[in-house]
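Data block below; observations after.
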Amino acid sequence: KQEVTQIPAALSVPEGENLVLNCSFTDSAIYNLQWFRQDPGKGLTSLLLIQSSQREQTSGRLNASLDKSSGRSTLYIAASQPGDSATYLCATYNFNKFYFGSGTKLNVKP
Amino acid sequence: DTGVSQDPRHKITKRGQNVTFRCDPISEHNRLYWYRQTLGQGPEFLTYFQNEAQLEKSRLLSDRFSAERPKGSFSTLEIQRTEQGDSAMYLCASSLPTGGHTDTQYFGPGTRLTVL
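Line order of the protein sequences matches chains A and B.
Residue 1186 in the numbering used here sits at position 4 of the first sequence; the count goes up by one each step and never skips.
Residue 11 in the numbering used here sits at position 30 of the second sequence; the count goes up by one each step and never skips.
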């Protein structure tokens, strides 16, 4: 069974900082990996999807990388803003289902 | 169609009661997923449908849980004889796989269940 781990569990940074969130997974036989954002008490919003054949994806201030062989992905957020405060979840897609990590709770202080 | 909707958004029930949740996916999406999320954890897969067929069920889905998608559109998740351990956020997601193992799932706002 796929195990997905996210480090750190929580992160607090001042506005404007660049930051990196980490995701690791045990089974490298994934079809893709997605990063999601979850605001308190809300559903999930997909941020970036990286296919297993790709190394990275970018959207605005977000950049996600994937190293399938080592079972790692990172989400880079540039010039963080208070509106980025949320929980960020990574999920691998194997065998027709998603396996989620427990998330990194990000707080960006003004 | 503005997205995946779930009803109710919140449900408080007493232990032993039955509850039913509804999910309406994005209209053209043929896949529908149910997940359960407890506090501080990521969502855990429960089951998914391709059109009206339930293709997979997690071991988390005990015999007290049943899900249906009778016409391949909306889905219901019923929990019988609720237990306090069933308290969680129940999330629904839908997708339209386009091949190449790309399956971007769109999530609803969830139903928060509290069992007293």
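Ideal Cβ placement from N, Cα and C applies to all residues, glycine included.
As the structure is a prediction and not an experimental result, all values here were calculated from the model.
### Message
Can you tell me whether residue 1151 of chain A is helix, strand or coil according to DSSP?
### Response
Here chain A comprises residues numbered 1183 to 1292, so residue 1151 of chain A is not present and cannot be evaluated.
#### Entry: N-terminal and C-terminal residue of the beta strand (DSSP E) that residue 17 of chain B is part of
Element bounds for residue 17 of chain B: 12 to 18.
### Query
Under the rule that 16 or more other beta-carbon atoms within 10 Å means buried, what is residue 36 of chain B, buried or exposed?
A residue is called buried once 16 or more other Cβ atoms fall within 10 Å of its Cβ, and residue 36 of chain B, having fewer, is exposed.
### Task
Tell whether a beta-carbon distance below 8 Å holds between residue 24 of chain B and residue 16 of chain B.
Yes, Cβ-Cβ distance for residue 24 of chain B and residue 16 of chain B is below 8 Å.
### Query
Can you check whether the CB of residue 1244 of chain A is closer than 8 Å to the CB of residue 1236 of chain A?
Not a contact, by the Cβ cut-off of 8 Å.
### Task
Measure from the C-beta of residue 1207 of chain A to each C-beta in chain B and report whether the shortest distance is under 8 Å.
No, residue 1207 of chain A lies away from the interface with chain B (no Cβ there is under 8 Å from its Cβ).
### Query
Is residue 1275 of chain A close to chain B, meaning its C-beta is less than 8 Å from at least one C-beta of that chain?
Residue-level contact by beta carbon holds for residue 1275 of chain A and chain B, with a gap shorter than 8 Å.
### Message
Less than 7 Å between C-beta atoms, sequence neighbours within five positions excluded: which residues of the same chain meet that for residue 1234 of chain A?
### Response
Close CB contacts of residue 1234 of chain A within its chain, under the 7 Å cut and outside five residues either way in sequence, are with 1212, 1213, 1214 and 1250 (chain order).
### Query
Taking Cβ positions only, does residue 88 of chain B come closer than 8 Å to chain A?
True, the Cβ-Cβ gap to chain A drops below 8 Å.
### Message
Please list, in chain order, the residues of the segment 17 to 30 of chain B that have any C-beta partner in chain A closer than 8 Å.
### Response
Under the 8 Å Cβ criterion, the segment 17 to 30 of chain B contributes 21, 22, 23, 24, 25, 26 and 29.
### Task
From the DSSP output, in three-state form, read off residue 1184 of chain A for me.
The DSSP-derived three-state label of residue 1184 of chain A is coil.
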